[in-house]
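A.B. asks:
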Amino acid sequence: MQYRRLGEILQDAGVLSEEDLNRALSIQKTSGKRLGTVLIENKFITEMQLIDTLKMQLGIDFEDLNNEKIDPSMAKYIPKNIAKQYRIVPVKVQGDRLWIAMEDPLNFRAIEAAKEVSKKRVTPMIAYSDAVGRALSVLYENEGAALAIEQMQEERGVTVAEAAEDAQAANDGAAAPTVKLVNSILERGVAEKASDIHVEPREHEMVVRIRVDGRLTQVLTIPKELQAAVISRFKVMSNMNITERRVPQDGRAVVRRPDGTNVDLRLSTLPTIYGEKVVIRILSRDQKTLTRQGIGITERDNAKFDRILENSAGMILIVGPTGSGKTSTLYTMIQELKSDTVNMISLEDPVEFQIDGVTQVAINEKVGLTFASALRACLRQDPDIICVGEIRDGETAQIAMQAAMTGHLVLSTIHTEDAISAIDRLKDLGVEPYLIGGSVRGIVSQRLLRRICPNCKEEIVPSAHMLDIAGIKDPSKYHFYHGKGCHMCFGTGYRGRTGVFEILTMNSKLRDAITAGLSSTELRKVVNESGDFVPMIANARDLVAKGITTLDEAVREVATIE
Ligand SMILES: [Zn+2]
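Residue numbers for the sequence shown follow this note's numbering, beginning at 960 and rising by one.
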């Protein structure tokens, strides 16, 4: 009934056709998701169109949660469980009226629930879905962490051993304050799309920092006296030995997101002078970003990307330093290449993203399942496409190149600065030049550049020095931007990242040069002479020109390697 209504409103506004509405309604029936979500996810309408239409047709106000700082005391009007279940953010209160922000202000059940728990008259407002999630995590997790710390301090006086036992007893999710605190730290990390969480004992306190877009930001401090209990909880949840504090340990755990999906965690400890430091790696990959567009392949590079993936045999390499987005590119390629008619085996360390229709193997060197031994085993399983997570030793390099020479398509990554250094690296690992020349079909080298925070973006005039380093000779053709820093981006001026690429496709001239064992300087010359090669710095300049990233960022990450 209410879905009909939303559909009709959108049709009246001319943003949705009858046909699309019927398709969306049938998807809605089978998926059980809300109609608004289905319409946006399947690109029938954009989120902005939905917001504008509801504003115009129903007079529902838009709440810009990104720019509004919500008073922490608002949390008391809507309890956390109701707020999270219905995705309601209490925004402000005046007398007996409460304003709430939601991504779907036509969700009457949610509005009823808000009325019931707040005992107020409720006015719904519409907000962006991402902003709702973020506001919920800031409003409730910080509150949750603070509350848990308070409770833990009240219960203080227990010895470390008792605290550890307490953590053990609480393993099954009982609501002990330590568990709550640890959960709210993890939830905050997942909500902020952090890649790692660092829990660091210092002399007088324990500090929690999260890595977002490659940079660490402090989000919480925990009183020193609670340190032992928090560390024990992390060790218990990842099956480490809690009585052993003198040697490094590692383990894994799984936590559940509010939407029911799981997030894999890798935990490790390191004994420091102030106690054990715990680092949690969050293995979370968003399906939506594992596409060419999501990783940042440009129109200009699309055809080259196609040409590389059209090979049915040979070696495709993705190169770059740690944290340059190689794994995302690898997963994007795997998703494009998988099919019912090929046998695709992927060897990974660790498996960060599960893909239906691909045989994924987790490398486990502790039990002797190395890349080399797994690769040998996989060659006995009639593979068409083999994905080797990383080539880091001579044995793996040899087997992989042989496989690529004998009719298999092999994808892999190498930890080097650029495409030509990857060829040097393979030679260093003992692979003969003729094998490299004969099997490599394409090399994608990449970096990640931080995107300018859309919330605090402004135009600037860069210095002549920066323009010079970036090789920009006609700055008048450009508009330059940066982010001045806001609460959305932890004051950094950046939010999210995009890849910047340099794609090398093999041609006969380059193949001959590699096979002849020419030096890297000579190989670079051959590459630069081939007409269609676009160096990474040119792609980075495009991103600056489009206002996606800053000149600073492009220069820092890219210009130095040219
Ligand atoms: Zn900002």
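For each residue, glycine too, the CB sits at the ideal point set by N, CA and C.
#1: Counting along the chain, where does the alpha helix (DSSP H) carrying residue 1313 start and finish?
#2: Note down, in chain order, each residue of its chain lying with its Cβ closer than 7 Å to the Cβ of residue 1284, except the 5 sequence neighbours on either side.
#3: Kindly indicate which three-state DSSP category residue 1117 falls into: helix, strand or coil?
#4: Following a CB-centred definition, is residue 966 positioned closer than 6 Å to any heavy atom of ligand 1?
#5: State the start and end residues of the unbroken beta strand (DSSP E) segment that holds residue 1221.
#6: Below 8 Å, can you find three or more Cβ-Cβ pairs linking the region 1226 to 1242 to the region 1202 to 1211?
#7: Quick check: what's the CA-CA separation for residue 1268 versus residue 1292?
#8: Between the region 1477 to 1484 and the region 1380 to 1395, are three or more C-beta pairs nearer than 8 Å?
#9: Between 1025, 1067, 1082, which has its C-alpha nearest residue 1090's C-alpha?
#10: Is it right to say residue 976 is buried, meaning 16 or more other beta carbons lie within 10 angstroms of its own, or is it exposed?
#11: Among 1368, 1031, 1290, which residue has its Cα nearest to the Cα of residue 1098?
#12: Assign residue 1232 to buried or exposed, taking buried as 16 or more other Cβ atoms, counted over all protein chains shown, within 10 Å of its Cβ.
#13: Rounded to a whole number of angstroms, what is the C-alpha to C-alpha distance between residue 1200 and residue 1144?
#14: Residue 1414: beta carbon under 6 Å from a heavy atom of ligand 1?
#15: I'd like the list of long-range same chain contacts for residue 1416, defined as Cβ closer than 6 Å, with 5 residues on each side in sequence excluded.
#16: Among the candidates 1370, 1399, 1497, 1494, whose CA atom is the shortest distance from the CA of residue 1471?
#17: My parser needs the alpha helix (DSSP H) runs of 4 or more residues fully inside the region 1174 to 1255; what are they?
#18: Quick check: the Cα distance between residue 1216 and residue 1146, rounded to an integer number of angstroms?
#19: Output yes if chain C places a C-beta closer than 7 Å to the C-beta of residue 1009; else output no.
#20: Alpha carbons only, please: which of 1194, 1464, 1214 is nearest the one belonging to residue 1236?
#21: Please state if the CB of residue 997 and the CB of residue 1008 are separated by a distance shorter than 7 Å.
#22: Since residue 1060 and residue 1050 should fall inside the 8 Å C-beta cutoff, what is the C-beta to C-beta distance between them, to a whole number of angstroms?
#23: Going by CA-CA distance only, name the one from 1075, 1358, 1139, 1258 that's closest to residue 1102.
#24: On the three-state DSSP scale, how would you describe residue 964?
#25: Which residues mark the beginning and the end of the alpha helix (DSSP H) in which residue 1294 is found?
#26: Measuring from the CB of residue 1442, is there a heavy atom of ligand 1 at a distance below 6 Å?
#27: Just tell me which of 1331, 1071, 1495, 1222 has its CA closest to the CA of residue 1150.
#28: Between residue 1403 and residue 1460, which are expected to be in contact by the criterion C-beta below 8 Å, what is the C-beta distance as a whole number of angstroms?
#29: As a quick exercise: from 1282, 1259, 1286, pick the residue whose alpha carbon is nearest that of residue 1246.
#30: Between the Cα of residue 999 and the Cα atoms of 1368, 1088, 1219, which residue gives the shortest distance?
C.D. replies: In short, the structure shows the following:
#1: Taken as a continuous stretch (DSSP letters only), residue 1313 belongs to no alpha helix (DSSP H), as it is neither H nor E.
#2: 1254, 1405, 1407, 1458
#3: Annotation note: pLDDT 47 at residue 1117 (below 50); position unreliable, coordinate value reported separately. Residue state, collapsed to three classes: strand.
#4: no
#5: 1221 to 1231
#6: yes
#7: 8 Å
#8: yes
#9: 1025
#10: exposed
#11: 1031
#12: exposed
#13: 21 Å
#14: yes
#15: 1440, 1442
#16: 1399
#17: 1186 to 1196, 1251 to 1254
#18: 8 Å
#19: Protein chains in the displayed structure number just one, and chain C is not present.
#20: 1194
#21: no
#22: 5 Å
#23: 1139
#24: helix
#25: 1285 to 1296
#26: yes
#27: 1222
#28: 6 Å
#29: 1286
#30: 1088
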